[in-house]
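Going by full-length UniProt numbering, the first residue of the sequence shown is number 1, and it counts up by one from there.
A virtual CB, placed ideally from N, CA and C, is assigned to each residue, including glycine.
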Amino acid sequence: MSDARTYPPSEAMVKGAHVNAEQYAQMYEASIGDPEAFWAEQGKRVDWIKPFTQVKDVDFTLGKVKINWYADGQLNVSANCIDRHLDTRGEQTAIIWEPDNPEEDAQHVTYRELHAQTCKMANVLRDQGVGKGDRVIIYMPMIPEAAYAMLACARIGAIHSIVFAGFSPDALAARIKGSEAKVVITADEAPRGGRNTPLKTNADKALASCDAAVKCLVVRRTGADVPWDEARDVDYTALAKTTPDTCEPEVMGAEDPLFILYTSGSTGQPKGVVHTTGGYLVYAAMTHEITFDYHDGDIYWCTADVGWVTGHSYIVYGPLANGATTLMFEGVPTYPDASRFWQVCEKHKVNQFYTAPTAIRALMGQGNEFVTRCDLSSLKLLGTVGEPINPEAWTWYHEVVGQGRCPIVDTWWQTETGGHLMTPLPGAHDMKPGAAMKPFFGIRPVVLEPTSAEIIEDNPAEGVLCIADSWPGQMRTVWGDHERFEKTYFSDYPGYYFTGDGCKRDADGDYWITGRVDDVINVSGHRMGTAEVESALVAHKKVAEAAVVGYPHKVKGQGIYCYVTLMGGEEPSEDLRKELEAWVRNEIGPIAKPDLIQWAPGLPKTRSGKIMRRILRKIAENDYGALGDTSTLADPSVVDDLIENRMNR
Ligand code: WT7
């Protein structure tokens, strides 16, 4: 890996970028040497109603984990993302909105309009009885109202929890209940790839099993006729017309929660990752500016959905805190055809473009002509996130999309980290295809030997990746379950934040993420707990037992491979396979649909009944020659059957 081809930063980047190699070295040293002083200085990136006097108050010790940044400071995130820009850039475009259908008009929302629209939404929420600390679920298409809803919550001190519009009513209901939300904000329908998802109808299904007091605010997107419950539903679009467009921002403590975002873990139900106000905003703003080398006047586009953390930090909060122009795209990369991303880049003269490896691989497979027919001369920088990018896709992205001119920032981070933890900086570092390269300021990565938990100091190194100290964007707790927070992240490797990822550090000291070391798989850049898919499968009346693992998938990165044991008397069939696929889709959402289902008369278990996933992973990878030690299996013969009938050949 250390002899992989390296791409040094271009002269133009070195000259013009916010951070060059010398500055990186000096600033990184400072950030590690004196974090208090470093982050006190960076804290000035945001406007404080009451300035902080404390900077960092952190303990990673199991049993008393606490993470506080800027704790006595007071601020409002929405005022930082909107109001403070009004004097200097009120007429500048804050959000460019590109609809699913290219025939429909794009919108340019100025900071002044953003202020008015956010205030309207905030006032409507207040009228519905939502106040500081209350939870609001956002279940929306990628339309400007989704950003207004986030910022409106921040304005009145409500805690938002966005549920990706691709999630099922059941998943939505679990999150409404888990967060004890007062209001759900949704839309009539969500157009995507030429098809409309019935969001309001899904919300109705979810709300049917929730507390009757939960209100439903409906934004009109397509104008479709939707079922209506007069007692519960509020027509936001009608109401907004007559709602005042100013609203005083609430004074928030730096450690008041800003949002909850549910994400999959290796065990049990998804957990509510909690991010707070001050440190999160400082970190999102700083990483957005420096990683993407954002300069005033640039047009910046992150293709993520606001349902994921990437959309929170790098479509809404980071860019708007920096007074940027951020593009929001409602559609998909392949509609009307595989040229759409590049057409949007050309149309809006995008300067920084940030997407996921799965999209790059899918588009690469369609041929270069879809790219080369567009004028991409505005592009200055490309970014990727979500999973390791294979060198082939990296090179295509660099050569064909970036025309060899644009650096690629391969940003490694997580829902839990709030912002980038490792990435090459475009004016400072060499790039190596597939490597996340260098820690961001204040980040102290350590590579540990997985079983002894000893730090590996020398290079090259390979092991599990932990972080030795806190940074302002770190999650603070799991919603309603601090113990689970401590157990998940601070118990396996005491004294460190455990990322769940494995990594290599090459001879040059550069970092390569090798993927999850737990039972989490990464499907098209979306995180999926294998336990979640398993519990969905066993909830089906014909399924006795299920084990789910990831396997390499050409486009998605990892695919979902399910071993299913049926109830006695049930026969495997193609119909049943389809039924189970639809069932999981329904229980969790389309992203969880099994790619391969193998009928398993039995699963390989230890004598104590523990499923040996290592073996199942090997078979799913079609690498069954080296199954390792199978001597602890209760019944070794089940393995032969699984190998013989494997689905991935
Ligand atoms: C997991 C986090 C952070 C927003 C998107 C996903 C994997 C993420 C990279 C990268 C290699 C990556 C890791 C991580 N991952 N970015 N650049 N290179 N792996 O957020 O759903 O919280 O998933 O995604 O395995 O732990 P998430």
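C-beta atoms of residue i and residue j nearer than 8 Å
i	j	result
Val234	Lys215	yes
Lys66	Val58	yes
Ala254	Gly272	no
Ala171	Val163	yes
Leu151	Ser491	no
Thr186	Val136	no
His108	Ile138	no
Lys605	Ile611	yes
Gly473	Gly418	yes
Leu616	Val549	yes
Leu125	Ile156	yes
Gln54	Met252	no
Val350	Leu379	yes
Close-in-space but distant-in-sequence residues of the same chain around residue i (CB under 6 Å, 5 per side omitted)
i	result
Ala190	Pro141, Ala165, Thr197 and Leu199
His420	Thr287, Thr291, Thr411, Trp413 and Phe440
Thr630	Pro636
Gly129	none
Residue i in three-state terms, based on DSSP
i	result
Phe38	helix
Gln107	strand
Ser161	strand
Glu145	helix
Asp245	coil
Glu462	strand
Lys556	coil
Gly529	strand
His420	coil
Trp308	coil
Val332	coil
Asn302	Residue 302 is actually Cys in this sequence, not Asn. Correct three-state label for Cys302: strand.
residue 656	Residue numbering for the chain in the displayed model covers 1 to 649; residue 656 lies beyond these limits and cannot be assessed.
Gly502	strand
Lys120	helix
Contacting residues, own chain, Cβ-Cβ under 8 Å from residue i (five flanking each side not counted)
i	result
His429	Pro9, Ala21, Tyr24, Met437 and Lys438
Leu596	Tyr551, Gly559, Ile560, Tyr561, Cys562, Ala620, Met647 and Asn648
Val543	Leu537, Val564, Thr565, Leu566, Met567 and Leu580
Val555	Thr358, Arg361, Ala362, Gly365 and Ser524
Pro227	Lys200, Thr201 and Asp204
Assigned exposure category for residue i - 16 Cβ within 10 Å defines buried
i	result
Glu644	exposed
Met422	buried
Gly569	exposed
Pro590	exposed
Met567	exposed
Ala154	buried
Gln117	buried
Asp134	buried
Pro244	exposed
Pro636	exposed
Gln308	Before going further, note that residue 308 is Trp rather than Gln in the sequence given. Per the 10 Å Cβ criterion, buried.
Asn76	buried
Trp325	Going by the sequence as given, residue 325 is Thr instead of Trp. So Thr325 counts as buried.
Ala356	buried
Trp69	buried
Thr242	exposed
Arg361	buried
Glu574	exposed
Gly131	exposed
Lys432	buried
Asp100	buried
residue 669	For the chain, the structure presents residues 1 to 649; residue 669 sits outside this window and is missing.
Asp501	buried
Gln352	buried
Own chain residues within Cβ distance below 7 Å of residue i, not counting five before or after
i	result
Ala435	Asp410, Asp510, Tyr511 and Trp512
Val371	Trp342, Val400 and Val401
Pro494	Leu62
Ala531	Ser266, Thr267, Gly268 and Asp519
Pro426	Pro9, Met13, Ala17, Asp293, Leu381, Pro407 and Val409
Asp375	Glu346
Tyr7	Asp430 and Met431
Ser2	Annotation note: pLDDT 45 at Ser2 (below 50); position unreliable, no value reported.
Contact test: residue i Cβ vs the ligand PLP heavy atom, cutoff 7 Å
i	result
Asp501	For the structure depicted, the ligand PLP is absent and the ligand set comprises only the ligand WT7.
- [ ] Please go through the region 344-400 and give each complete beta strand (DSSP E) segment of 3 or more residues, from N-terminal end onward.
- [x] 352-355 and 381-385
Open item on the list: For a minimum of 3 consecutive residues, which ranges assigned as the beta strand (DSSP E) are wholly contained in the region 172-238?
Closed with: 183-187, 190-192, 195-197, 215-219 and 233-235
- [ ] Only counting runs of 4 or more residues, tell me where the alpha helix (DSSP H) segments fall wholly within the region 544-593, in order along the chain.
- [x] 574-587
- [ ] Please list the segments of the alpha helix (DSSP H) lying wholly inside the region 255-304, counting only runs of 4 or more residues, in order along the chain.
- [x] 278-291
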